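Everything below concerns the one structure shown next.
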Amino acid sequence: MNELDRIDSFLTAFKELENELVSIAQISTYGHVSFSKALNEIYYQRKHPLIAQYDNYDFLKTASDLRNILSHENHICAPSQEYLDKFLLLKESIIHPLTCNKIATTKIHSCKKSDYLKDILKMMEYYSLSHVPVLDEDGCVQGVFSRSTIFDYVSMNESFAYDEKITIGDFEEVLGLEDHLNETFLFVSAHDRVDKIFTHLFKNKEHDKNVALLLMTRNGRPGEKLLGIITSTDVAKYKI
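Residue 228 in the UniProt record's numbering sits at position 228 of the sequence shown; the count goes up by one each step and never skips.
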C-alpha cells in the first residue's frame with residue numbers, strides 16, 4: 001500500500017470511528033460533536049472498556065491530531081503501515097467487538113459425578129487438561145474437577161486412600177464452584193463482549209481467588225447448559 005492509499009484508508013476508517021464514538025458518548029448538545037470531545041467523554045466517564053485504557057485513549061488522541069493535519073490536505077506526514085494496522089484493529093475492536101462465543105472452546109471435555117477418578121485422570125493427561133467441568137444429565141455445571149481437587153480434599157480430610165472404584169462424586173465437598181481453596185469460576189454469556197471480561201480474570205484484592213475458568217452459557221447463568229469455556233489464554237489472543 002503506497003502513501004496515498006494509507007492516507008485514504010486512514011481517513012475513511014477515522015470517519016467510521018468518529019461516528020461510532022459520537023454514538024457511544026451520547027452527549028446531549030446541539031450542533032456538531034467533535035471526535036476529541038466524544039473521545040474525552042468516553043474516557044473520563046468510562047463508557048467503553050477499551051477506550052477506558054489509557055494507552056488506547058492516548059493512541060486515539062494522536063489519531064485525531066493526524067486527521068486534523070491530513071484534513072487540510074497537508075501531506076507533510078502520513079501514517080506508516082504499522083500505525084495504520086494498529087488503528088484499523090482498534091477501530092474494528094470498538095465498532096465490531098469480539099464476543100465470548102467467538103473465542104470460547106466449545107469442544108468441552110467434561111465428566112459426571114459417577115465417572116471413575118482413574119478414567120478422568122487419564123483423560124486429563126491425554127488432553128493436557130487442568131480443569132474438567134462436572135456436568136449433570138442436562139449439561140449444566142455442577143462443579144469443576146481440577147488438578148488441585150485431590151490436594152484440596154486431602155487438606156480437609158486426614159487421609160486419602162486411592163481405590164479404582166473412587167468416583168468424581170466422592171470429592172463432592174471440593175467440587176463446587178465456590179468450594180475450591182484457591183480458585184473460583186464465573187459464568188459469562190455467549191454474547192458478552194470480550195473486552196468486558198478482562199477484569200474477571202484479574203484479582204481485585206491480594207487474597208482473592210484466581211479465576212480459573214469462565215463458564216459460557218447462553219445468558220451467563222448457572223442452571224443453563226454449558227456451551228463453552230474460556231481461559232486466560234483464550235483472552236490473551238485478543239490483541240488490543
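Note that CB positions come from ideal geometry on N, CA and C, so glycine has one too.
The structure displayed is predicted, hence computed values, not measured ones.
Does the beta-carbon of residue i have 16 or more other beta-carbons within 10 angstroms, so that it is buried, or is it exposed?
i	result
H32	exposed
N210	exposed
M1	exposed
I28	Per the sequence shown, residue 28 should be read as Ser rather than Ile. When all chains shown are included, S28 counts as exposed.
H48	buried
N56	buried
L89	exposed
P222	exposed
T217	buried
Are residue i and residue j closer than 8 Å when you measure CB to CB?
i	j	result
Y126	I166	no
V132	H109	yes
D195	S93	yes
T215	T231	Position check: residue 215 holds Leu in this sequence, whereas Thr was assumed. In this structure, T231 does not lie closer than 8 Å to L215 by Cβ.
G228	T106	yes
V174	T149	yes
F10	F87	yes
Do you know offhand how far residue i's Cα is from residue j's?
i	j	result
E16	K91	8 Å
E82	E3	12 Å
S34	I168	59 Å
R193	A104	12 Å
V144	K113	10 Å
G176	Y43	39 Å
C100	I76	42 Å
H180	C111	17 Å
S130	T184	14 Å
F151	D163	16 Å
D85	R6	10 Å
Considering just the uninterrupted stretch of the alpha helix (DSSP H) at residue i, what are its terminal residues?
i	result
T29	Premise fails: T29 is in no alpha helix (DSSP H) and is neither H nor E.
A38	35–44
A52	Neither: A52 is in no alpha helix (DSSP H) and is coded neither H nor E.
V194	194–197
F187	Careful: F187 lies outside any alpha helix (DSSP H), inside the beta strand (DSSP E) at 183–189.
I95	81–95
T233	232–236
Measuring only between beta-carbons, confirm whether residue i sits less than 8 Å from chain C.
i	result
L39	Note that chain C does not occur in the displayed structure, where there is just one protein chain.
CB of residue i to nearest heavy atom of the ligand MG: below 7 Å?
i	result
S23	The ligand MG is absent from the structure shown, which contains no ligand whatsoever.
So the beta strand (DSSP E) residue i belongs to, where does it begin and stop?
i	result
V174	No beta strand (DSSP E) contains V174, which DSSP labels as neither H nor E.
A212	210–217
**Item:** Ordered list of alpha helix (DSSP H) runs contained in the UniProt domain "CBS" (104–164), each at least 4 residues
**Value:** 117–127, 149–156
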